[in-house]
Every structure is written in C-alpha cells, then in structure tokens.
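Below is one structure, written out as structure tokens; the observations come after it.
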Amino acid sequence: MHDNEHTEHHHEESFISKYIFSLDHKTIGKQFLIYGLIMFFVGGGLALLFRWQLAYPDQPLPIIGASQQYIDDGEVVTGADRMWERIYDSDKEEWLEVNMPSGVITPEFYNMLFTMHATIMVFFVVVPILVGAFGNFLIPLMIGTRDMAFPILNMLSFWLAVLAAIVMVLGFFVPGGHASAGWTGYAPLSADPQWTGVEWGLNLWAISLLLQGFSSLVGSINYITTIINMRAPGMTFFRMPLVIWSLFIVAILLLLAFPVLSSALALLIFDRLAGTTFFSATAEGGGDPLLWQHLFWFFGHPEVYILILPGMGIASELIAVFSRKPIFGYRSMVYAMIAIAFLGWIVWGHHMFQSGMRPGLGSIFMTTTMLIAVPSAIKTFNWMGTMFRGSIRFTTPMLHGIAFVSMFVIGGLSGIYMANTPVDIFIHDTYYIVAHIHYVVFGGSLFAIFGGIIFWFPKMYGRYMNDVLAKIHFWLTFIAFNCTFFPMHILGVGGHMRRISNPQQYEFLQGFEGMNIFITMSAFTLGFAQLILVFNFFWSMYKGKVAEQNPWQVNTLEWEAPTPVPHGNFGQIPTVHRGPYEYSVPGEESDWIPQAQPEHAPATSGD
Amino acid sequence: MLQWLPENVSTYGQSVDNLFYAIYYLTLIVFILVMGTLIFFLIKYRHQEGKKADYIEGSTTLEIVWTAATTVIVFVLAMFSYPQWNNIKSPTQFPENPDVVVQVSGKQFNWDMTYPGPDNEFGTDDDLELENELHVPMDAVVHIRLTSVDVIHSFFVPQLRLKQDALPNRFINVWFEATKAGRYEIPCAELCGFGHSGMLGYLNVHTQADYDAWVQERWPQ
Ligand code: HEM
Ligand SMILES: [Cu+2]
Ligand SMILES: [Cu+2]
Numbered sequence: 001m002h003d004n005e006h007t008e009h010h011h012e013e014s015f016i017s018k019y020i021f022s023l024d025h026k027t028i029g030k031q032f033l034i035y036g037l038i039m040f041f042v043g044g045g046l047a048l049l050f051r052w053q054l055a056y057p058d059q060p061l062p063i064i065g066a067s068q069q070y071i072d073d074g075e076v077v078t079g080a081d082r083m084w085e086r087i088y089d090s091d092k093e094e095w096l097e098v099n100m101p102s103g104v105i106t107p108e109f110y111n112m113l114f115t116m117h118a119t120i121m122v123f124f125v126v127v128p129i130l131v132g133a134f135g136n137f138l139i140p141l142m143i144g145t146r147d148m149a150f151p152i153l154n155m156l157s158f159w160l161a162v163l164a165a166i167v168m169v170l171g172f173f174v175p176g177g178h179a180s181a182g183w184t185g186y187a188p189l190s191a192d193p194q195w196t197g198v199e200w201g202l203n204l205w206a207i208s209l210l211l212q213g214f215s216s217l218v219g220s221i222n223y224i225t226t227i228i229n230m231r232a233p234g235m236t237f238f239r240m241p242l243v244i245w246s247l248f249i250v251a252i253l254l255l256l257a258f259p260v261l262s263s264a265l266a267l268l269i270f271d272r273l274a275g276t277t278f279f280s281a282t283a284e285g286g287g288d289p290l291l292w293q294h295l296f297w298f299f300g301h302p303e304v305y306i307l308i309l310p311g312m313g314i315a316s317e318l319i320a321v322f323s324r325k326p327i328f329g330y331r332s333m334v335y336a337m338i339a340i341a342f343l344g345w346i347v348w349g350h351h352m353f354q355s356g357m358r359p360g361l362g363s364i365f366m367t368t369t370m371l372i373a374v375p376s377a378i379k380t381f382n383w384m385g386t387m388f389r390g391s392i393r394f395t396t397p398m399l400h401g402i403a404f405v406s407m408f409v410i411g412g413l414s415g416i417y418m419a420n421t422p423v424d425i426f427i428h429d430t431y432y433i434v435a436h437i438h439y440v441v442f443g444g445s446l447f448a449i450f451g452g453i454i455f456w457f458p459k460m461y462g463r464y465m466n467d468v469l470a471k472i473h474f475w476l477t478f479i480a481f482n483c484t485f486f487p488m489h490i491l492g493v494g495g496h497m498r499r500i501s502n503p504q505q506y507e508f509l510q511g512f513e514g515m516n517i518f519i520t521m522s523a524f525t526l527g528f529a530q531l532i533l534v535f536n537f538f539w540s541m542y543k544g545k546v547a548e549q550n551p552w553q554v555n556t557l558e559w560e561a562p563t564p565v566p567h568g569n570f571g572q573i574p575t576v577h578r579g580p581y582e583y584s585v586p587g588e589e590s591d592w593i594p595q596a597q598p599e600h601a602p603a604t605s606g607d
Numbered sequence: 608m609l610q611w612l613p614e615n616v617s618t619y620g621q622s623v624d625n626l627f628y629a630i631y632y633l634t635l636i637v638f639i640l641v642m643g644t645l646i647f648f649l650i651k652y653r654h655q656e657g658k659k660a661d662y663i664e665g666s667t668t669l670e671i672v673w674t675a676a677t678t679v680i681v682f683v684l685a686m687f688s689y690p691q692w693n694n695i696k697s698p699t700q701f702p703e704n705p706d707v708v709v710q711v712s713g714k715q716f717n718w719d720m721t722y723p724g725p726d727n728e729f730g731t732d733d734d735l736e737l738e739n740e741l742h743v744p745m746d747a748v749v750h751i752r753l754t755s756v757d758v759i760h761s762f763f764v765p766q767l768r769l770k771q772d773a774l775p776n777r778f779i780n781v782w783f784e785a786t787k788a789g790r791y792e793i794p795c796a797e798l799c800g801f802g803h804s805g806m807l808g809y810l811n812v813h814t815q816a817d818y819d820a821w822v823q824e825r826w827p828q
C-alpha cells in the first residue's frame with residue numbers, strides 16, 4: 001500500500017521539479033534552448049540600435065527618438081517628444097537621458113552596445129544553444145543512455161547560466177553604464193576605470209563571464225563523463241554520430257579553455273578593484289597590456305571553434321540524412337575535427353599580428369593559421385562528397401545544412417586573407433573582420449542551429465514545426481543575411497574601421513554612406529525575420545502537426561525512443577549493431593537501417 | 608571588389624596589394640569551383656522517384672589528394688608573404704639612415720607628434736610637438752617611434768597600407784616611404800574609449816622643396 005503510494009507520487013512530479021528545477025537532460029536542453037532564443041533577441045536588439053547609428057549617425061532613433069522640431073526649438077510634436085519632455089523635466093538622471101538623449105545614441109552608449117552585442121551572442125546565445133541545448137538533449141539520446149552522468153550538476157549548469165545572464169543584463173543599469181571595452185576587453189582600457197568612466201559595469205561583465213565559465217565547465221565535465229562511460233552496448237567511438245563527436249571534442253575544449261579566461265578575468269578584477277597592475281604598463285607597476293591579449297586569445301581562438309564544431313556536427317547529420325547516403329569519409333571527418341581542436345591552440349597570435357608582438361612570431365602564427373584552414377577544407381569537401389550521387393531531399397532542415405556549408409566556405413576563405421600577415425596589416429580591425437566573424441558564426445553556427453531546431457523539434461515536442469513558415473523564415477534569413485554581411489567585406493577593403501560610431505567623421509569613408517544604409521535596412525529585415533522563427537517555435541509546440549516517432553527516417557538512436565520521450569528515454573536500452581550512416585545500402589529494400597536494428601531483420605520501421 | 612581599396616601611396620603598398628589580389632583571385636576561383644560543384648550536385652542528385660542514392664563511404668585517395676593540395680597552396684601563399692611582412696614590420700630589415708624620425712604618441716583622443724629637431728635627439732630643447740599633424744617629405748624614408756600615454760591605440764594610414772598598435776610604455780618602430788604628396792587621414796584603429804570614433808590625425812606629405820620650407824619655418828637658422 002504504502003509502497004504503491006510512493007511510486008505514484010514519484011511519477012507525478014510537481015510543476016516545479018518537472019519544468020523548472022528539472023534534472024532530466026531533455027528538459028534542461030529545452031531550457032537552454034529557450035534561454036538562448038531569449039538572449040538572441042536581446043543581442044539582436046542591441047545590434048539594431050547601433051546599426052541605426054551607423055546608417056544615420058547622430059540622428060534620433062525611429063519611434064522613441066524626438067522629432068527634429070523638438071530638438072531644434074523644443075516644440076512638442078510627437079508622442080515621443082512628450083516622453084522626452086517628461087524625462088528632461090524630472091530631477092532624476094533617467095537612463096534614457098544618459099544613454100540616448102532625445103533618442104540619439106551617445107558614443108559611450110554605442111561602445112556598450114557593440115560590446116554587449118558580441119558578448120551576449122557568443123557567450124549567451126551560440127554556446128548555450130549549441131552546447132547547452134543540443135548537447136544536453138542529444139548526447140544521452142544519441143549514445144543510448146537514460147540521462148547524463150551527473151543530473152544535479154547539469155541542473156546547476158543551467159541555473160548558473162541564468163544567474164550569469166541576469167548579472168550581465170543588470171550591468172546596463174548600474175551608474176557609469178555597462179562594459180564598453182569590446183567583447184575582447186583589451187587592457188588597459190578595461191583594466192582601469194579612468195579610461196572609460198565605466199565602474200561596476202565592467203566588473204559585472206567580468207563576474208558574469210566567470211559565472212558563465214563555471215556553468216560551461218560543469219557542463220563539459222558532465223558531457224565528457226557521459227560520452228566516455230555511458231554509451232549503449234555496441235556504441236563504439238567510431239559508431240558515434242558526428243554531432244556527438246563534435247560535442248565531445250567541444251567539451252574537452254571548454255574544459256581546457258575556460259579556466260584560461262577565468263584566470264584572466266580574475267586578474268582583471270584585481271587590477272580594477274585591488275590596485276594590482278597585471279595588465280597596465282605604468283611607471284609604478286610592471287604589468288603588460290599584451291599579457292591580456294595573449295590570455296584572452298589563448299582562450300579565444302579555441303572558443304571560436306567551440307562556436308563552430310557543433311554546427312559542423314549538426315550539418316553533417318542533416319546532410320547525410322537528407323542525401324540518404326553515408327557520410328563521405330566518416331573517419332577523416334572525425335580526424336579533421338580532432339586536428340582543428342589541436343591546431344586551435346597554436347594559432348591565437350593571428351589576432352595579434354598588429355599588436356606589437358614580435359614580427360617573427362607573426363610569421364609563425366601565419367603558418368599555423370594557414371595550416372588550420374586545411375582541416376576546414378577537408379570537411380567541406382567531405383560534405384560535398386556526401387551529396388555526390390545522393391538522393392537529396394530539400395527539406396527545410398536540409399536547406400539550412402546547405403546554407404551552412406556555403407556560408408562556411410565564404411567565412412573560411414575570408415579567413416585566408418587575414419591569416420596572411422601583410423594583407424592583415426590593412427584589414428585588421430576593419431569591417432572585413434566583422435564580415436568574417438558573421439559568415440562563420442551567423443552563416444555557419446546559426447544556420448546549423450536553425451536547421452537543428454527544425455530537425456529535432458518533432459522529437460523534442462512531438463510535433464512538426466510549420467513548414468511554410470519555416471521556409472519563409474529560411475529564405476528571408478538567407479537573403480537578408482547575405483545583404484547585411486557581404487557588403488561588409490567591401491567596407492573592409494575600403495579601410496572602414498570597426499567599432500567606430502560615426503564613419504562620417506572620416507574623409508576617406510564618405511563614399512560608404514549608401515552602403516551603410518543598405519546594410520542597416522538589411523539588418524532590420526534580418527532581425528524581423530527571426531520573429532517568424534520564434535512565433536513558429538512556440539505556435540508549433542501546441543498547434544503543430546503531430547509527428548510520428550521517426551518522421552525523417554533517421555538511423556541514429558534518438559529516434560528509437562518513443563515520442564514524447566519519457567523520463568529515462570528508452571524502455572529498454574538499445575543495442576547498437578552498426579554505424580550511424582547506413583543509408584541506401586545495396587541489396588536492402590529500405591534506404592535506411594537504424595543503428596539499433598539487429599542483423600538480417602527486415603527493415604521496416606523505427607523499432 | 609578590390610577597386611574599393613584606397614589609393615596606394617607607399618613604396619611597399621604595392622606588394623601588399625599584389626598579395627591581396629593574388630588571394631582574391633585564388634579564393635574567387637576556389638569559391639566558384641566549390642559553389643558550382645555544389646549547385647551542380649544539388650540539381651543532378653536531387654531526389655527522383657525510384658532512384659536510390661549510391662552507397663559510397665569515401666575515398667582515401669581523394670582525402671589524400673585534397674589534403675595535400677590545400678596544404679601546398681596555403682604554404683606557397685605563406686612563402687610569398689614572409690618577405691613582405693618582414694620588409695614592413697621587422698626593424699632589422701628597415702631601410703637604414705632614415706631621412707626623418709618622428710615620435711607618434713597616442714593619447715585619448717589625439718595623436719601627438721614629436722620631432723627631435725636639428726640635433727636629432729628627443730627630449731632636448733629644439734623638439735617640436737604638434738597635435739594631430741604629421742609632416743614628412745615625399746620619396747624619403749620615415750621612421751616612426753610609436754607609443755601611447757594611456758591605452759592602446761592603433762596608427763592607421765590606409766593609403767600607406769600601414770597599421771600598427773601603439774602601446775603604453777613601449778616604443779614600436781615602423782617605417783614608410785610615401786610616393787605622392789598630399790594630405791592623408793590617420794584614424795585610430797583600436798578601440799580606445801568613447802572618443803575613439805573621430806580620433807583622427809593627418810599625414811602631410813610634402814614635396815622636398817615644400818618640406819624644406821616647412822623645416823626652415825619651424826627651426827629658422
Ligand atoms: C579557415 C579557417 C579560419 C581562418 C584561417 C581564420 C582566420 C582568422 C584571423 C587571422 C582572424 C584575425 C583577424 C584580425 O583580427 O586581423 C580571425 C578573426 C576571427 N575569427 Fe577566424 N578564421 C577561421 C575560421 C573561423 C571560425 C570557424 C570562426 C568561428 C566560428 C572564426 C571566428 C573568428 C572571430 C570571432 C574573429 C574575430 C575576433 C575579434 O577580433 O573580435 N574564424 N580569423
Ligand atoms: Cu582565431
Ligand atoms: Cu582609438
């Protein structure tokens with residue numbers, strides 16, 4: 001009797017333990033996904049604000065900006081004018097008044113905007129979604145186990161990330177404003193408040209990143225342990241899907257890279273609060289500003305590969321499934337990722353060619369950087385080999401997979417220019433870099449994320465996402481993305497510096513006004529297109545077409561689990577009989593053979 | 608795309624531009640080949656009723672070929688770049704006996720230029736300090752002693768194809784030889800605070816006669 005009651009109680013978890021403080025890897029994965037999407041809008045909104053300033057320097061923002069009459073002679077014309085009138089009349093220094101008087105973004109606020117845009121996109125959107133959401137959701141399901149090795153650590157990792165996000169956003173509202181030294185936080189600008197006037201904003205930036213680093217660290221320990229110890233019977237390392245390989249490698253990179261950033265941040269906080277001079281070269285102290293750059297980029301370059309490797313993994317799944325073919329060169333794909341992970345540690349100096357580092361070192365880092373282009377090329381050729389003589393289905397996830405490959409090609413090729421030290425003299429710290437970053441991180445990682453969301457949505461929520469909306473979102477995003485970021489290469493070739501709030505101040509940039517306006521209009525289109533995705537996401541959660549267990553006819557284990565996936569994932573842990581990409585095997589009737597299907601059984605459905 | 612490059616007015620600028628062009632054509636060809644093949648595959652191998660994909664697991668030969676080919680290409684590229692890089696940035700390879708030496712110091716948010724004066728020594732009475740105006744003769748080797756008094760700035764003259772960060776408490780030497788008289792902007796290229804945008808100096812390249820006149824005016828003998 002008593003016993004029975006107990007188990008019943010266990011099954012009916014309370015709302016809090018089921019959806020909030022959940023220990024289930026799938027719920028935590030979904031939490032990270034929604035967290036990342038929310039932060040995506042915060043980060044994107046900041047970008048639209050500073051894009052406005054770049055296109056229309058020192059003109060009031062639309063909607064909330066004051067009218068020209070009001071600015072010229074104080075005549076209240078619009079509703080916004082009335083708001084500004086009230087703000088100027090009040091005795092308090094209001095937030096809007098400090099940061100954008102009459103709707104005009106101040107140079108100080110401009111610097112905060114791009115600093116926080118990049119910080120949020122890198123640390124609070126792409127990593128949480130790729131690693132936190134896909135990592136958590138997919139790892140146990142795809143290797144065939146019931147949960148992560150350390151569910152409590154897993155929950156801790158999510159809530160630390162929430163705390164970090166709250167601290168990061170709060171930074172905007174402390175006196176002195178938010179961090180404004182760039183996402184790279186170069187010292188001594190970042191190390192001494194006297195250079196920026198920013199006091200607690202930058203401290204909070206550093207503290208938040210410390211928390212986020214801790215969250216990643218905890219998560220990565222969990223991933224590594226789970227993948228090494230908890231694979232289903234028969235799931236050898238070389239039967240793991242490439243996305244699991246990519247997450248495994250990324251977890252190792254996170255484990256090794258984040259402590260470097262954390263130590264640098266700790267030293268920075270000492271410099272700011274305790275009067276040390278690790279990063280300042282003053283007469284009294286013996287520090288060195290370049291030390292910060294070395295530490296930051298020793299973390300930072302592995303970090304950029306953390307941003308792309310899971311995207312590569314996801315794209316590999318999508319391309320194999322929808323070409324109905326095995327991955328071309330599965331093992332070389334794995335070795336290429338391992339090579340990238342190793343080489344990623346010895347290329348950081350390519351961010352410092354013009355920093356005053358010894359020129360001889362520049363030549364060495366050019367060589368290693370050129371080398372890392374090789375595994376990237378290998379991966380691209382293998383994706384094309386996978387499509388070669390395939391039977392390609394142009395589903396929406398596949399469109400994203402193809403977009404990933406083509407945008408990554410552009411981003412990789414633009415990397416060659418900057419790896420070339422003499423050419424980098426000219427394009428370093430220009431919009432050329434901005435174009436490069438966005439082709440790899442937006443064109444690469446984000447397209448993979450979108451594709452992955454649509455692909456795994458049926459397993460996450462038991463329903464399809466609406467395909468018409470998803471296709472509209474894809475095409476709008478693809479076109480607007482290229483219109484936004486491709487012209488930035490041209491700005492870079494023209495010498496247009498990054499991180500300047502008003503290009504009109506320079507004679508040699510006068511010709512670029514039209515292009516800046518075009519980019520801003522494209523950026524707004526790109527931003528609004530993302531609303532379609534989010535609407536589709538939440539609408540389909542409740543109203544989408546109900547999905548069968550394995551709607552895309554995929555071999556990997558996550559599709560063996562019933563939908564919606566119960567606590568514990570599998571009724572009985574599946575046994576793995578083959579690699580993940582046995583599509584279109586000759587002599588077989590069906591064009592797919594699930595990993596868990598025993599030998600010689602007729603291939604029919606998922607179980 | 609490269610017609611957007613600002614006019615080049617330095618002796619070594621052409622070698623930078625040549626590399627830029629070489630990489631441009633190289634990457635353009637790679638891009639067209641890769642995208643062309645991709646689009647061809649997408650059309651040719653689209654799903655058709657009753658047609659199954661071919662079961663191909665890979666090809667070791669192909670893997671070796673494309674690994675070797677890309678490695679060779681990037682190394683050849685690197686080989687061509689080392690000398691140019693050293694020519695511009697390695698102090699041991701600078702042309703000796705500069706015609707003019709100037710110290711340029713970044714300071715939120717200006718460029719301070721210091722001329723050593725006729726005695727060619729910094730820190731003496733005949734030094735000349737100018738804010739944001741750098742004067743040099745045409746067709747002459749100029750050495751710049753770059754430093755900063757506060758945060759990192761970056762000395763950028765687009766038309767010279769020269770960029771170098773200026774660091775506090777360090778003196779970094781760079782050089783150039785301008786080939787055309789004119790007035791060129793010297794923006795700061797490294798974020799240095801709220802006034803970073805608009806931190807701007809000018810490089811005035813004079814003909815030798817004009818430059819001599821300018822010197823005569825500053826240090827009358
Ligand atoms: C073929 C491979 C690549 C090469 C050769 C390459 C090369 C470079 C170089 C030389 C720079 C520094 C440029 C400068 O500051 O002057 C750079 C910057 C950057 N790269 Fe790459 N890159 C490659 C791939 C990637 C990937 C895959 C990512 C990320 C997903 C990435 C993200 C970034 C970011 C974020 C920066 C700028 C950081 C900043 O200054 O704010 N790159 N890349
Ligand atoms: Cu890098
Ligand atoms: Cu600056």
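Residue numbers (this note's numbering), protein chains in the order written: chain A, 1 to 607; chain B, 608 to 828.
Cβ coordinates follow ideal geometry from the N, Cα and C atoms, glycine included.
Note that this is a predicted model, so its numbers are computed, not measured.
Measure the alpha-carbon distance for residue i versus residue j and round it to whole angstroms.
i        : j        : result
Gly74/A  : Gly492/A : 40 Å
Ala266/A : Ala179/A : 16 Å
Met168/A : Ser22/A  : 24 Å
Thr731/B : Val743/B : 20 Å
Asp726/B : Ala523/A : 56 Å
Pro62/A  : Val98/A  : 18 Å
Gly234/A : Tyr581/A : 15 Å
Ala820/B : Phe763/B : 27 Å
Ala788/B : Gln212/A : 53 Å
Gln828/B : His813/B : 21 Å
Gly219/A : His496/A : 40 Å
Thr282/A : Arg768/B : 31 Å
Glu558/A : Lys459/A : 8 Å
Phe687/B : Trp348/A : 22 Å
Check the DSSP bridge columns for residue i and list the partner residues they point to.
i        : result
Cys483/A : Its beta-bridge partners do not exist; DSSP assigns none.
Asn717/B : Lys714/B
Using only alpha-carbon positions, find the residue among the options that is nearest to residue i.
i        : options                                   : result
Val554/A : Gly219/A, Trp456/A and Ile490/A           : Trp456/A
His654/B : Val42/A, Asn482/A and Ser323/A            : Ser323/A
Phe381/A : Asp624/B, Thr668/B and Glu614/B           : Thr668/B
Leu242/A : Ser215/A, Trp383/A and Gly356/A           : Trp383/A
Ala785/B : Gln771/B, Ser755/B, Ile646/B and Leu810/B : Leu810/B
Arg825/B : Leu633/B, Phe716/B, Ser697/B and Gly724/B : Gly724/B
Val441/A : Phe214/A, Gly411/A, Ala373/A and Gln510/A : Gly411/A
Gln69/A  : Tyr56/A, Pro503/A and Trp84/A             : Trp84/A
Trp183/A : Tyr791/B, Pro794/B and Leu798/B           : Leu798/B
Ala206/A : Gly171/A, Trp245/A and Arg393/A           : Gly171/A
Run the CB neighbour count on residue i, radius 10 Å, all protein chains shown included, and call it buried at 16 or more, exposed below.
i        : result
Phe478/A : buried
Gln621/B : exposed
Val672/B : exposed
Glu5/A   : Legend: pLDDT at Glu5/A = 40, less than 50; position of this residue unreliable, no value from coordinates given.
Asn704/B : exposed
Ala320/A : buried
Glu8/A   : Bear in mind that the predicted position of Glu8/A carries a pLDDT of just 39, short of 50, making it unreliable; the figure below should be weighed with that in mind. When all chains shown are included, Glu8/A counts as exposed.
Leu531/A : exposed
Gly587/A : exposed
Phe535/A : exposed
Within 9 Å of any Cβ in chain D, is that where the Cβ of residue i sits?
i       : result
Thr78/A : The question asks about chain D, but that chain is absent: this structure's protein chains are A and B.
Going along the region 669-694 of chain B in order, which residues come within less than 8 Å of chain A, judged by CB to CB distance?
Listed by position, the residues of the region 669-694 of chain B near chain A (Cβ gap below 8 Å) are Leu669, Glu670, Trp673, Thr674, Thr677, Thr678, Val681, Phe682, Leu684, Ala685, Ser688, Tyr689, Gln691, Trp692 and Asn693.
Against chain B, which members of the region 368-395 of chain A pass a CB distance test of less than 8 Å? Within the region 368-395 of chain A, the qualifying residues are Met370, Leu371, Ala373, Val374, Ala377, Ile378, Thr380, Phe381, Asn382, Met384, Gly385, Met387, Phe388, Arg389, Gly390, Ser391, Ile392, Arg393 and Phe394.
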